[in-house]
Amino acid sequence: MKDKRRVMEIFSFYDRSGLERRLAAMAEKGWLLEKIGSTLWTYRRTEPRKLTFCVCWFPKASAFDPEPSEEQQTFYDFCEHTGWTLAASYGQMQVFYNDRPDPVPIETDPVMEVDAIHRAAKRTTLPSHLVLLALALLNGGLFISRLLGDPVGLLASATNLFTGVDWVVLIALEAVECGSHFLWHRRAVKAAEQGEFLEAKNHRTFQIVCLAVVGIGLLYYLASILTSGNPMMMVIALLMFGVYLPGVLLLTRGMMAFLKKRKVSTGINRTVTLLSAFVGAFLLVGGITWGVLFGSTRGWFAGSEETYEYHGNIFTAPQDKLPLTVEDLLDVDYDGYIREQTNQQSLLLAQYEARQRPRFDAADFREMPTLEYTVTLVKAPFLYDMCRDHLLLDRAERWNRDMPEIAWYSYEPAAPAPWGAEAAYCWTSREYGPRNTYLLCYPDRFVEIDFSYGWQVTPEQMTLVAERLGNIDDGYSLQK
Amino acid sequence: MPRAKFQTLTEQMFYILLCLKDECYGMDILDRVPAMTQRRVNVGSGTLYNLLEQFVTAGMIRETKVEGRRRSYILTDYGRETLEREYRRISAQAEDFRRIFGEESK
Numbered sequence: 005m006k007d008k009r010r011v012m013e014i015f016s017f018y019d020r021s022g023l024e025r026r027l028a029a030m031a032e033k034g035w036l037l038e039k040i041g042s043t044l045w046t047y048r049r050t051e052p053r054k055l056t057f058c059v060c061w062f063p064k065a066s067a068f069d070p071e072p073s074e075e076q077q078t079f080y081d082f083c084e085h086t087g088w089t090l091a092a093s094y095g096q097m098q099v100f101y102n103d104r105p106d107p108v109p110i111e112t113d114p115v116m117e118v119d120a121i122h123r124a125a126k127r128t129t130l131p132s133h134l135v136l137l138a139l140a141l142l143n144g145g146l147f148i149s150r151l152l153g154d155p156v157g158l159l160a161s162a163t164n165l166f167t168g169v170d171w172v173v174l175i176a177l178e179a180v181e182c183g184s185h186f187l188w189h190r191r192a193v194k195a196a197e198q199g200e201f202l203e204a205k206n207h208r209t210f211q212i213v214c215l216a217v218v219g220i221g222l223l224y225y226l227a228s229i230l231t232s233g234n235p236m237m238m239v240i241a242l243l244m245f246g247v248y249l250p251g252v253l254l255l256t257r258g259m260m261a262f263l264k265k266r267k268v269s270t271g272i273n274r275t276v277t278l279l280s281a282f283v284g285a286f287l288l289v290g291g292i293t294w295g296v297l298f299g300s301t302r303g304w305f306a307g308s309e310e311t312y313e314y315h316g317n318i319f320t321a322p323q324d325k326l327p328l329t330v331e332d333l334l335d336v337d338y339d340g341y342i343r344e345q346t347n348q349q350s351l352l353l354a355q356y357e358a359r360q361r362p363r364f365d366a367a368d369f370r371e372m373p374t375l376e377y378t379v380t381l382v383k384a385p386f387l388y389d390m391c392r393d394h395l396l397l398d399r400a401e402r403w404n405r406d407m408p409e410i411a412w413y414s415y416e417p418a419a420p421a422p423w424g425a426e427a428a429y430c431w432t433s434r435e436y437g438p439r440n441t442y443l444l445c446y447p448d449r450f451v452e453i454d455f456s457y458g459w460q461v462t463p464e465q466m467t468l469v470a471e472r473l474g475n476i477d478d479g480y481s482l483q484k
Numbered sequence: 160m161p162r163a164k165f166q167t168l169t170e171q172m173f174y175i176l177l178c179l180k181d182e183c184y185g186m187d188i189l190d191r192v193p194a195m196t197q198r199r200v201n202v203g204s205g206t207l208y209n210l211l212e213q214f215v216t217a218g219m220i221r222e223t224k225v226e227g228r229r230r231s232y233i234l235t236d237y238g239r240e241t242l243e244r245e246y247r248r249i250s251a252q253a254e255d256f257r258r259i260f261g262e263e264s265k
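Taken in order, these protein sequences are the chains called X and V. Residues in the first sequence are numbered consecutively from 5, following our numbering. Residues in the second sequence are numbered consecutively from 160, following our numbering.
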């Protein structure tokens, strides 16, 4: 039978009463709080007892203190005199229990209690919550601006979707935490003047839901990276989650605990711990970046990919299996093609890009036809119209941005029937007319396909495009 | 401002200062106040700790002895003035009550 339990306790800093009820319920089940950590709280098994708990704040204390100060010890003496035993403390938070029936509370003046909670919050938790909120707002803002600029690219990427959603969740979490504190404090001050301590509203369910969303997002992100087949992304994800995050966490906590054990002063401990966290994070990110770059230049992540040298530079020559090739469409047989595919997917969208181009050292470089296409699979039907509108405008916006008006292009409606599509658009110049680039709309996907200059696309080729890209039952490599 | 803060005293402040008419260990106040008031008034240990600190800062009491972590305090002249002012305020309230309700309240 286990004698210790480590539990992740989620509560608001100022929700004293909610936490006291939780600790009393645990004690009644035979679990007494023994240690408070920054994430996990330790309970030890005892006889089930009916205890009264009191959570109070000692604003002068710090998590970096080598040991409780004399003032803090005096405070403990006062509490002990009235039957309150210290269960655990973490920085300013002090948790006591009392086995006497109906004990005199530690705080009997609501004005002073509200003031102590607010002073303690201003020294530690509020600044960190406000910094997190600012950081989340900055990153959430960047996510939203990217969402407006390139919604398809962003929503098709599990990484971007995961980080973006996390930042938005963090904004909600921190805004509720900070906003609720200030709101509670304003009301609590007024209530305290009337002699009452105002209980804080509990946001535990909301906090648990937010953390669950982040947790599920993280698992989905890791699963999509590990199954993506992209060795470099897999290595980066493993290093970030397996080395970087635990490394910084262990370094920070280890340094703080080591300095506390050595009885180093609060100020020095705080400075050295923060510096070591900063330097450690910098070195780890630098090391991982250097390692990945070093590995990629040596082809560690290229797998069995072929390479070739041209004018002193090394180029890769991938030979991926593509659902549609130049050879499928034309009766040609050139040596020296690169066949490359990339794909990304999220719960909402998937994008598959394929390119068939000649190698730089190909003998018939200039004559060789090229073929490029992007298939955007819409998994969430409500995004279909948004994707179509974006794909129709995005290419023109990017192309026309720095061009004189005479050179502007746009997608103009074309006959969809030969493509077996619901709608088709042709990339058309105001000056020179249609070009060999098409946007094809199928019920669950969009195909943007580009044939090289001079290629006269025949109805048979259009039908083949529709067969291969517009109506693939198994989604081909989109599911890879 | 501490002085403005103690323009009027709460019941707990009043009895803590009353206890310190004579030199007294801080911790003993926790027992003296309930005894003095037939347990009508109790002072929490955290509240007492903070109030003693604030009274010292405001110059209403002063430390007289330090024995390890045990400290004793005594009321200062300023503290006595504050107590008397509070007494007059409460007395005036009681007088007003008697004037309005007279004997019927007894």
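The beta-carbon is built from N, C-alpha and C at its ideal position, and this holds for glycine as well.
- For VAL115 (chain X), the closest Cβ of chain V is nearer than 9 Å.
- A residue is called buried once 16 or more other Cβ atoms fall within 10 Å of its Cβ, and MET407 (chain X), having fewer, is exposed.
- Chain X has no Cβ within less than 9 Å of the Cβ of SER250 (chain V).
- Beta-carbon to beta-carbon, ASP170 (chain X) and GLY221 (chain X) are separated by about 6 Å, close enough to satisfy the 8 Å threshold.
- Taken in chain order, the whole alpha helix (DSSP H) runs of length 4 or more contained in the region 262-332 of chain X are 270-301.
- Taking 9 Å as the threshold, the shortest C-beta distance from GLN96 (chain X) to chain V does not fall below it.
- The alpha-carbon of LEU23 (chain X) is positioned some 12 Å away from that of PHE100 (chain X).
- At the C-beta level, SER66 (chain X) and GLN98 (chain X) stay beyond 9 Å of one another.
- Within the region 168-233 of chain X, the complete alpha helix (DSSP H) runs of at least 4 residues fall at 208-230.
- The C-alpha of LEU254 (chain X) is placed about 20 Å away from the C-alpha of LYS267 (chain X).
- With a threshold of 16 other beta carbon atoms within 10 Å, GLY205 (chain V) meets it and is buried.
- In this structure MET236 (chain X) touches SER300 (chain X) by the C-beta definition: roughly 6 Å separates them, less than 8 Å.
- When beta bridges are read from the DSSP output, LEU37 (chain X) appears opposite X:TYR47.
- Rounded to whole angstroms, LEU234 (chain V) and ALA140 (chain X) show a C-alpha spacing of 52 Å.
- Proximity to ALA125 (chain X) across X:TYR356, X:HIS185, X:ASP7 peaks at X:HIS185, based on C-alpha coordinates.
- Here ALA160 (chain X) carries a coil assignment [DSSP, helix/strand/coil].
- Beta-carbon to beta-carbon, ASP324 (chain X) and GLN355 (chain X) are separated by about 15 Å, too far to satisfy the 8 Å threshold.
- Measuring C-alpha to C-alpha distances from SER433 (chain X) to each of X:LEU137, X:ALA427, X:LEU159, X:TYR442 identifies X:TYR442 as the nearest.
- Cβ-Cβ separation between ILE121 (chain X) and TRP61 (chain X): approximately 5 Å, consistent with a contact (criterion under 8 Å).
- The region 381-389 of chain X makes contact with the region 447-457 of chain X, as at least three CB pairs between them are under 8 Å.
- When Cβ-Cβ separations below 9 Å define contact, LEU189 (chain V) makes contact with chain X.
- About 15 Å separates the beta carbon of THR112 (chain X) from that of GLY185 (chain V), a gap too long to meet the 8 Å contact definition.
- Listed in chain order, the positions of the region 196-218 of chain V with a beta carbon within less than 8 Å of a beta carbon of chain X are ASN201, VAL202, GLY203, SER204, GLY205, THR206, LEU207, TYR208, ASN209, LEU210.
- Residues of chain X with a Cβ closer than 9 Å to the Cβ of GLN171 (chain V) are, in chain order, THR112, ASP113.
- Taking all protein chains in view, the Cβ of GLU178 (chain X) is crowded by 16 or more other Cβ atoms within 10 Å, so the residue is classified as buried.
- Contact annotation: in the region 227-256 of chain V, residues whose CB is within less than 7 Å of a CB in chain X are ARG228.
- For ASP365 (chain X), no pairing in a beta bridge is given by DSSP.
- Ranked by Cα distance from LEU27 (chain X), the first of X:LEU333, X:ASN102, X:PRO72 is X:ASN102.
- A distance below 6 Å between beta-carbons, with the five flanking residues on each side excluded, links PHE166 (chain X) to the following residues of its chain, in chain order: GLY221, TYR225.
- Of the residues assessed, ARG247 (chain V) falls on the exposed side of the cut-off, its CB having fewer than 16 other CB atoms within 10 angstroms.
- For LEU443 (chain X), the enclosing beta strand (DSSP E) starts and ends at 437-446.
- One thing to note: GLU310 (chain X) has its Cβ within 9 Å of the Cβ of PRO322 (chain X).
- By the rule that beta-carbons nearer than 9 Å mark a contact, THR56 (chain X) does not touch chain V.
- For a Cβ distance threshold of 7 Å, residue set ASN201, GLY203 of chain V lies close to VAL108 (chain X), ordered along the chain.
- In this chain, the beta strand (DSSP E) harbouring ILE453 (chain X) covers 449-455.
- For the region 72-99 of chain X, residues whose beta-carbon sits nearer than 7 Å to a beta-carbon of chain V comprise GLU74, GLN77, THR78, PHE79, ASP81, PHE82, CYS83, HIS85, THR86, TRP88.
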